[in-house]
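Residue numbers (this note's numbering): 22 to 225.
Glycine included, every Cβ here is placed at the ideal spot set by N, Cα and C.
In this text the structure is predicted, and so the values were computed from the model without any measurement.
The next block holds one structure in the form of structure tokens; read it before the comments.
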């Protein structure tokens with residue numbers, strides 16, 4: 022299975038990190054299968070970074086084999102979503118970007134892709150109008166709505182399928198809104214879509 026992620030998909034977040042606000046196509050990067058962290062297991066801060074940031078995202082699970090999918094048919098290829106965390110070694114990412122080097126190791130390291138419990142969209146609402154947020158230690162630190170994405174879920178699915186065959190079980194992290202920040206040992210992270218708590222784990 023593949024873990025596909027979309028960068029810079031919310032304008033306010035792009036401004037927050039001094040990225041461009043003008044994008045013609047989705048920005049795609051990959052995480053490895055060992056990036057996955059699920060079932061409420063703790064996230065251990067790695068020893069190669071002093072600045073691990075949370076990035077809260079809606080995660081879509083592909084449930085049908087597809088290649089070169091037309092956008093108008095993209096909705097047929099998924100029916101469950103959850104909230105997840107794209108952990109980023111921000112200090113390492115900045116260093117690599119400043120040198121013009123690839124920055125996968127700052128994004129795709131082990132356990133950097135946290136996933137919550139998947140729920141059918143029929144229980145949550147339309148995929149293009151999902152409100153989600155992250156609480157740390159009981160305080161809301163980040164929130165967003167998929168209606169604010171620069172590229173919709175269907176556009177992302179169609180675009181990605183031009184380059185990669187989508188297979189059952191593949192995950193797509195759809196981008197993070199404004200409000201990213203650092204995590205620390207003993208932080209308690211809880212992620213929600215609407216009032217549904219789908220993510221609950223600790224940082225160690």
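According to the neighbour-count rule (16 or more other Cβ atoms, all chains shown, within 10 Å of its Cβ), is residue i buried or exposed?
i           : result
residue 86  : exposed
residue 78  : buried
residue 128 : buried
residue 158 : exposed
residue 186 : exposed
residue 30  : buried
Excluding the 5 residues preceding and the 5 following residue i in the sequence, name in chain order all residues of the same chain whose CB lies nearer than 6 Å to its CB.
i           : result
residue 59  : 136
residue 131 : 55
residue 66  : 73
Which of helix, strand or coil does DSSP assign to residue i?
i           : result
residue 120 : coil
residue 176 : helix
residue 78  : strand
residue 44  : coil
residue 126 : helix
residue 148 : helix
residue 191 : coil
For the beta strand (DSSP E) that residue i lies in, which residues bound it at each end?
i           : result
residue 101 : 99 to 107
residue 164 : 160 to 166
residue 217 : 217 to 223
residue 205 : Element bounds for residue 205: n/a, residue is neither H nor E.
residue 4   : This structure cannot speak to residue 4, because the chain is shown only from 22 to 225.
residue 26  : 24 to 28
residue 214 : 209 to 214
Just to confirm my understanding: we take residue i, look at its own chain, exclude 5 residues before and 5 after, and list those with CB closer than 8 Å. What are they?
i           : result
residue 51  : 23, 24, 25, 26, 125 and 129
residue 145 : 102, 151, 214, 215 and 217
On the DSSP letters alone, give me the boundaries of the alpha helix (DSSP H) that residue i sits inside.
i           : result
residue 144 : 142 to 145
Among the candidates the options, whose CA atom is the shortest distance from the CA of residue i?
i           : options              : result
residue 229 : 132, 203, 32 and 220 : Coverage of the chain is limited to positions 22 through 225, which leaves residue 229 absent and any answer about it impossible.
residue 61  : 100, 106 and 101     : 106
residue 176 : 92, 182 and 185      : 92
residue 141 : 67, 73 and 103       : 103
residue 69  : 114, 89 and 198      : 114
residue 197 : 166, 83, 57 and 161  : 166
residue 97  : 83, 108 and 202      : 83
Can you find the residues in the same chain that come closer than 7 Å, C-beta to C-beta, to residue i, ignoring five residues on each side of it along the sequence?
i           : result
residue 95  : 175, 178 and 179
residue 168 : 149 and 150
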